[in-house]
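Residue numbers (our numbering): 6 to 288.
Note that beta-carbon positions come from the ideal geometry of N, C-alpha and C, so glycine has one too.
Remember, predicted model here, so these are calculated numbers, not experimental data.
Step one of this worksheet: look at the structure below.
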Amino acid sequence: MKVYEALRWASSFLEDTNGEVRAAELLLQHHLGLSRTEFFMQMQNELTTEQQQAFQADIEKHASGVPVQHLIGSEQFYGRTFSVNEDVLIPRPETEELVLGVLTRIKEHFDHDQLRVVDVGTGSGAIAITLKLEQPNLEVQAVDIAQSSLDVASLNADKLGADVAFSCGDLIKPLIEKNKTVDVVVSNPPYIPYEEAMALDSIVKDHEPMRALVGGEDGYDFYRRFMDEIPQVLASKGLIAFEVGAGQSETVANLLKETFQTAEVEVVYDINGKDRIVFARVG
């Protein structure tokens with residue numbers, strides 16, 4: 006079977022089984038060990054028997070609901086390759102907008118870049134690592150409640166050459182316990198209401214950690230807890246950045262306004278026109 010024939014078969018198979026058609030190209034590139042450019046230049050090449058069998062097996066796994074990122078073992082984020090598995094949330098493009106927004110507002114809100122940043126619920130480490138690599142002067146700490154997630158994040162930090170400190174703990178407790186203060190708090194916390202999470206597509210619900218998805222009965226549990234914990238660690242002049250679910254921005258913004266009464270609170274819509282990020286500039 007030639008490369009183009011394998012791609013055509015897989016695309017048709019996934020279309021018939023309601024899979025992600027683009028997974029055919031990604032998986033075939035992965036099994037051939039080719040860049041996207043090389044892939045399209047080698048359409049007439051023959052697959053080995055081993056390549057063909059492994060590719061077909063992964064296509065069938067994806068059609069049954071396994072995320073293509075878990076089959077490949079990685080996902081792209083901010084132009085870099087991050088390892089992912091079932092212990093971490095697969096980084097989404099919307100979160101790249103959160104990172105960009107944080108970097109932009111750091112320059113606007115502070116008069117220096119020697120800042121202490123904490124990424125709460127780091128998962129794969131995508132936010133923390135990207136912030137450190139994009140702005141090396143930042144002192145970045147990342148916290149997650151699951152050591153298995155931190156293992157993935159640490160692997161990514163080592164692979165990408167990012168000097169990030171990792172702590173295992175519940176929300177900001179590791180910083181509170183050590184009486185540490187930070188200038189920037191950033192988080193993409195679990196925010197899906199419980200009932201909505203139970204109705205998610207199986208490719209998400211059955212393969213990504215529920216602890217990274219469910220934010221309690223109404224989706225706001227972690228934001229409410231942040232309002233108790235952030236004041237214990239945030240410097241007098243600080244920045245808070247949250248990713249939120251579509252339709253949640255007004256409630257989260259009001260929580261921030263009630264907690265930080267002089268803060269400048271801003272809601273940002275993502276590229277798809279959904280209210281996705283809430284910032285608060287304090288001091």
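Between residue i and residue j, what straight-line distance do the alpha-carbon atoms span, to the nearest angstrom?
i, j, result
"D275", "D21", "31 Å"
"K262", "I235", "13 Å"
"N23", "S40", "26 Å"
"E201", "V219", "9 Å"
"Q152", "Q146", "15 Å"
"G38", "Q266", "54 Å"
"H35", "V73", "10 Å"
"L3", "T264", "Shown here, the chain extends from 6 to 288; a query on residue 3 therefore has no answer."
"R4", "S159", "The chain is shown only over 6 to 288; residue 4 falls outside these bounds and no answer can be derived."
"N142", "G166", "14 Å"
"Y183", "S172", "Here the sequence assigns Lys to residue 183, which means Tyr is not the residue at that position. Cα-Cα distance, rounded: 11 Å."
"W14", "F44", "16 Å"
"S79", "R85", "10 Å"
"V190", "G174", "15 Å"
"E30", "I208", "19 Å"
"L176", "D233", "11 Å"
Specify the secondary structure class of residue i as computed by DSSP and reduced to three states.
i, result
"A258", "helix"
"A59", "helix"
"I303", "There is simply no residue 303 to check, as the chain begins at 6 and stops at 288 in what is shown."
"K242", "strand"
"D163", "helix"
"E213", "coil"
"A131", "helix"
"A204", "coil"
"E43", "helix"
"E51", "strand"
"V187", "strand"
"V219", "strand"
"Y225", "coil"
"I95", "coil"
Assuming residue i contacts residue j (C-beta within less than 8 Å), just tell me the rounded distance between them.
i, j, result
"V187", "V122", "6 Å"
"V305", "S129", "Because the chain here runs from 6 to 288, residue 305 falls outside it and cannot be looked at."
"P194", "G126", "5 Å"
"R281", "V273", "7 Å"
"L103", "E248", "5 Å"
"F227", "R110", "Actually they are not in contact, since the Cβ atoms of F227 and R110 sit about 21 Å apart, beyond 8 Å."
"I132", "A162", "With 8 Å as the limit, I132 and A162 do not qualify as a contact, their Cβ atoms being about 12 Å apart."
"P214", "E91", "7 Å"
"K7", "E55", "Contact flag wrong, Cβ pair sits at about 16 Å."
Per DSSP, residue i forms a beta bridge with which residues?
i, result
"I181", "In DSSP, I181 forms no bridge with anything."
"T86", "Q81"
"S192", "V125, F247"
"Q146", "V123, A170"
"D280", "Y274"
"A68", "None, per the DSSP bridge assignment."
"A285", "I245, V270"
"K137", "BP columns for K137 are empty, so no partner."
"K7", "E51"
Use the C-beta contact count for residue i: other C-beta atoms within 10 angstroms, 16 or more gives buried, fewer gives exposed.
i, result
"P96", "buried"
"H75", "buried"
"E269", "exposed"
"Q253", "buried"
"S17", "exposed"
"G224", "buried"
"G278", "exposed"
"T100", "buried"
"A204", "exposed"
"S241", "exposed"
"H117", "exposed"
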